[in-house]
Amino acid sequence: MENRTARMTILIDPIKKQLFDDICARQDLTSSQVIRKLMRQYIVENAGSRELPAWLAGHPGKAGMPPR
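Numbering (the numbering used here), first residue to last: 9 to 76.
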């Protein structure tokens, strides 16, 4: 899996953030966990011909790949 972490700061509407945080909490997830999952899905679905790291290449969400 990933070896290091990097910080990303985003600006969002406070109402959307509160809704997002509430939904995450109801699913017993942190907002960071959900954002990381969304980013992985986005990368896999939009990588095109880029070679993906082994830990990401088999990620569920790739068209034609069964979820793990």
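The beta carbon of each residue, even a glycine, is placed where N, CA and C say it ideally should be. Bear in mind the structure is a predicted one, so any value in this text is a computation, not a measurement.
- Task: Give the single residue among A55, I18, L64, A65 whose Cα lies nearest to the Cα of S40.
- Result: Position 32 of the sequence shown, counted from the first residue, corresponds to residue 40. Nearest of A55, I18, L64, A65 to S40, Cα basis: I18.
- Task: Report all residues from its chain with a CB closer than 6 Å to the CB of V42; omit the five preceding and five following residues, and keep chain order.
- Result: Here residue 42 is taken as the residue at index 34 of the sequence shown, counted from 1. If we look at V42 and ignore the five residues flanking it on each side, its Cβ neighbours are C32.
- Go ahead and pull the three-state DSSP assignment for R12. As a first step, residue 12 must be located in the sequence shown, where it is residue number 4. It is coil, neither helix nor strand.
- Can you grab the Cα-Cα spacing for the pair K24 / D30, in whole Å? Residue numbering aside, residue 24 sits at position 16 when the sequence shown is read from its first letter. Residue numbering aside, residue 30 sits at position 22 when the sequence shown is read from its first letter. Approximately 10 Å, taken between the alpha carbons.
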